[in-house]
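K.L.:
Going by the UniProt record's numbering, the first residue of the sequence shown is number 1, and it counts up by one from there.
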Amino acid sequence: MGTMERYAKVGMQELDQRLAKIVEAARKQPVSVYRYGAPWVWIVSQDDWQSALKEVSSCIPPGHSLVMLKPRVEELLAAHAQELADLARRNAMSIAPHTLMHLLLLQLLYSVPSEKQLYEQLNYNLLFRWFVGLELKSRVWSFNLFSHDLNALLACQQATRLLQSIVNEVCNAGLAQMPEFSLNLAQLHSWLARHAGHGGADNHS
Numbered sequence: 001m002g003t004m005e006r007y008a009k010v011g012m013q014e015l016d017q018r019l020a021k022i023v024e025a026a027r028k029q030p031v032s033v034y035r036y037g038a039p040w041v042w043i044v045s046q047d048d049w050q051s052a053l054k055e056v057s058s059c060i061p062p063g064h065s066l067v068m069l070k071p072r073v074e075e076l077l078a079a080h081a082q083e084l085a086d087l088a089r090r091n092a093m094s095i096a097p098h099t100l101m102h103l104l105l106l107q108l109l110y111s112v113p114s115e116k117q118l119y120e121q122l123n124y125n126l127l128f129r130w131f132v133g134l135e136l137k138s139r140v141w142s143f144n145l146f147s148h149d150l151n152a153l154l155a156c157q158q159a160t161r162l163l164q165s166i167v168n169e170v171c172n173a174g175l176a177q178m179p180e181f182s183l184n185l186a187q188l189h190s191w192l193a194r195h196a197g198h199g200g201a202d203n204h205s
């Protein structure tokens with residue numbers, strides 16, 4: 001479909017009530033369905049879907065807020081690439097910490113309430129897959145591996161502080177103009193609180 005420069009957005013309740021009409025409308029214009037305030041699934045025509053099979057990025061509206069945030073996020077993560085690589089090695093992580101940081105940012109930005117729901121999003125949400133670097137046909141890791149590596153990252157004070165820095169430098173400044181996000185700062189603070197009293201020490205397990 002090239003890029004979905006124009007698309008509609010509906011909630012689950014509206015989808016239930018107007019399914020037939022929404023499916024008909026999706027023949028002309030992709031529809032983004034939201035669940036719990038976060039993007040859940042796209043309804044697209046067969047032609048659009050066949051085009052999307054080529055590349056996930058072709059499904060992402062170029063003006064979407066995540067598209068605008070991603071370059072700066074990538075820049076900050078690249079500046080800490082060696083630290084993140086060392087962290088992954090110490091904790092025997094299979095998933096790249098760079099990828100996990102993107103996942104945690106999505107959880108914060110969309111207030112995804114649990115890692116289980118975050119994992120589910122990766123299986124069908126093209127926007128989430130694009131943001132973390134998964135192609136359409138890429139297999140998602142097992143949930144046990146996903147959960148292990150995500151928690152290993154959060155157990156490292158260095159990583160949670162970097163996450164806080166990204167939120168402060170990249171996200172906070174522009175979120176007022178990005179109404180699709182509902183930044184969950186309470187969740188971020190709970191991750192940081194795990195390391196309260198540890199001073200500058202990091203987890204070297």
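We put the beta carbon where it would ideally sit given N, CA and C, even for glycine.
Going by beta-carbon coordinates alone, are residue 127 and residue 60 separated by less than 8 Å?
P.N.:
Contact flag set, yes.
K.L.:
Helix or strand or just coil, what does DSSP make of residue 161?
P.N.:
Residue state, collapsed to three classes: helix.
K.L.:
Can you tell which of 84, 44 and 67 has the C-alpha that lies nearest to the C-alpha of residue 160?
P.N.:
Checked all of 84, 44 and 67; the closest Cα to residue 160 is 84.
K.L.:
Beta-carbon within less than 7 Å of residue 167's beta-carbon, same chain only, minus the 5 sequence neighbours each way: which residues are those?
P.N.:
Same-chain partners within the cutoff: 108 and 188.
K.L.:
So what does DSSP say about residue 33, is it helix, strand or coil?
P.N.:
Three-state DSSP puts residue 33 in a strand.
K.L.:
What is the rounded straight-line gap between the Cα of residue 106 and the Cα of residue 21?
P.N.:
The alpha-carbon atoms of residue 106 and residue 21 are separated by roughly 30 Å.
K.L.:
Per DSSP, residue 43 is paired with what?
P.N.:
31, per the DSSP bridge assignment.
K.L.:
Measuring straight from C-alpha to C-alpha, what distance separates residue 62 and residue 31?
P.N.:
Near 16 Å, if we compare the C-alpha coordinates of residue 31 and residue 62.
K.L.:
Closest by CA to residue 194, which one among 178, 157, 76 and 139?
P.N.:
Among 178, 157, 76 and 139, the Cα nearest to that of residue 194 belongs to 157.
K.L.:
Where does residue 110 land, buried or exposed, given buried means 16+ other C-beta within 10 angstroms?
P.N.:
So residue 110 counts as buried.
K.L.:
Measuring CA to CA, which of 78, 196, 178 and 162 is closest to residue 69?
P.N.:
Out of 78, 196, 178 and 162, 178 has the C-alpha closest to the C-alpha of residue 69.
K.L.:
Run through DSSP, which three-state label would residue 94 get?
P.N.:
Reduced to three states, the DSSP call for residue 94 is coil.
K.L.:
Which residue's Cα is closest to the Cα of residue 98: 153, 45 and 44?
P.N.:
Nearest option by C-alpha distance: 153.
K.L.:
Judging by CA-CA distance, which residue of 124, 77, 116 and 76 is the nearest neighbour of residue 144?
P.N.:
Considering only alpha carbons, the answer is 116.
K.L.:
Kindly indicate which three-state DSSP category residue 205 falls into: helix, strand or coil?
P.N.:
In this prediction, residue 205 has a pLDDT of 37, which is less than 50 and means its spatial position is unreliable; what the coordinates show is noted afterwards. Residue 205 falls in the coil class under three-state DSSP.
K.L.:
Compare the C-alpha of residue 76 against each of 183, 185 and 162 and name the closest.
P.N.:
Nearest of 183, 185 and 162 to residue 76, Cα basis: 162.
K.L.:
Considering residue 71, what are the terminal residues of the alpha helix (DSSP H) in which it resides?
P.N.:
First-last of the alpha helix (DSSP H) with residue 71: 65–79.
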